Ligand SMILES: [Cu+2]
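Residue numbers (this note's numbering): 72 to 498.
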């Protein structure tokens, strides 16, 4: 009766188990955020540690489970056992076995501790702004390869990126390159880094605690208000990587994403030049020109910077190059043609390959984003769903700024069209 029950359960469970196992499959490279597909030394070290621990635990499980099964079978109840005493008299046991088990347990812990500590130190060994060569770690190279490579990387190549967490988007600044919010050149949502270069990341928050995590490259370290945290990362291959805030931070935490674009060093240099350039003038009398006027009239300038056009806003994402980015609104909205993107991913069998921005999708996203508001109501009087609940753009009330409330949901379709046309010129 029992065995029939169990075999039924097993029969039912098998397909589910198989499905779960498919989720673990390393062969499916189309998983966008996977710690099992490391693409940089920090993620690699963490992955290696994970695998070492898993194998040790599998061996222990087989050993202990095997002994248990052996004991159950060997000492099972047999015919004729009725006359034996039900409970075996308590004895002290075997001191040799006891000491042996304790020693083996300590041994297993030590075996796990060595790679764990090594990995922690490695992950934690953030390159300083300028480290004297004598202080470099000798026994674990930061850069894959030789110690010389490591020394060279630290001396010549360390790129510094400040990551600032906001509810609910990330801002990236490159202090060495003059791309900062103070200089009116900061980069929201998408961190661009050169391939193979060690990147020192300084983490700050302007409101609550957030956490920085790019599963395929590195993570995760918290961004704390009133404190600077540090981490480092390096990417082995060029591509488009998916990141996410990994610490609950309020309404739209689940929509607080970001991207890391890893490019060839030469392309990175070009990118930096483009970021430093101001927006081009718009054609007088065009839709974009009308949009630009609306940008000032509808208070957008209060919060947003557009280099060369408007320079007051420092609170919200810098829009000087908004049309060149593949994502919007904390990377929650994707500006690529997603059908094309999916096809490319399937063809190349990885999610790091990326198609370019699709202007039509970008325009639709802009209109949807600017036009939506959590305080709008549908025909039945129910609040409409916002693109990002609680976001700091549509819920102006938070700032107690007189007059800002009135700019809510008062866009005509034509106004939205003009605003979008204007933003599309900001490449
Ligand atoms: Cu968060």
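Ideal Cβ placement from N, Cα and C applies to all residues, glycine included.
Since the structure is predicted, the reported quantities are computational estimates derived from the model, not experimental observations.
Using 8 Å as the threshold, is the C-beta distance between residue 400 and residue 440 below it?
yes
Beta-carbon within less than 7 Å of residue 346's beta-carbon, same chain only, minus the 5 sequence neighbours each way: which residues are those?
250, 256, 258, 392
Is it right to say residue 420 is buried, meaning 16 or more other beta carbons lie within 10 angstroms of its own, or is it exposed?
exposed
Can you tell me which of 317, 409, 332 puts its alpha carbon nearest to the alpha carbon of residue 325?
317
How should residue 351 be labelled, buried or exposed, when 16 other C-beta atoms within 10 angstroms of its C-beta is the threshold for buried?
exposed
Excluding the 5 residues preceding and the 5 following residue 186 in the sequence, name in chain order all residues of the same chain whose CB lies nearer than 6 Å to its CB.
120, 123
Apply the 10 Å Cβ neighbour rule to residue 483 and answer buried if 16 or more other Cβ atoms are within range, or exposed otherwise.
exposed
Assuming residue 261 and residue 252 form a contact by the criterion Cβ under 8 Å, report the distance between their Cβ atoms to the nearest whole angstrom.
That pair is no contact at about 15 Å.
Chain-ordered residues, beta carbon under 5 Å from a heavy atom of ligand 1:
281, 316, 320, 324, 327
Inspect the CB distances between the region 267-277 and the region 355-364 and report whether three or more fall short of 8 Å.
no
Hey, could you find the ends of the beta strand (DSSP E) residue 289 is sitting in?
289-294
Between which two residues does the alpha helix (DSSP H) carrying residue 305 extend?
Where residue 305 is concerned, there is no enclosing alpha helix (DSSP H), given that its DSSP letter is neither H nor E.
Cα-Cα separation between residue 486 and residue 263, rounded to whole angstroms:
33 Å
From the DSSP secondary-structure annotation, give me the bridge partner or partners of residue 244.
233
Using a Cβ-Cβ cut-off of 7 Å (strictly less than) and excluding sequence neighbours within five positions of residue 131, which residues of its own chain qualify?
179
What would DSSP say about residue 463, mapped onto helix, strand or coil?
coil
Taking just the CA atoms, how far does residue 177 sit from residue 171?
10 Å
Enclosing alpha helix (DSSP H) for residue 120 [first to last residue]
112-145
Span of the alpha helix (DSSP H) around residue 262:
Taken as a continuous stretch (DSSP letters only), residue 262 belongs to no alpha helix (DSSP H), being part of the beta strand (DSSP E) at 261-265.
Pairs of beta-carbons, one from the region 395-413 and one from the region 428-442, closer than 8 Å: are there three or more?
yes
Compute the Euclidean distance between the alpha carbons of residue 413 and residue 425, then round it to the nearest angstrom.
9 Å
With a threshold of 6 Å on Cβ separation, who are the neighbours of residue 26 within its own chain once the five nearest residues in sequence on each side are excluded?
This structure gives no information on residue 26, because the portion of the chain shown stretches from 72 to 498.
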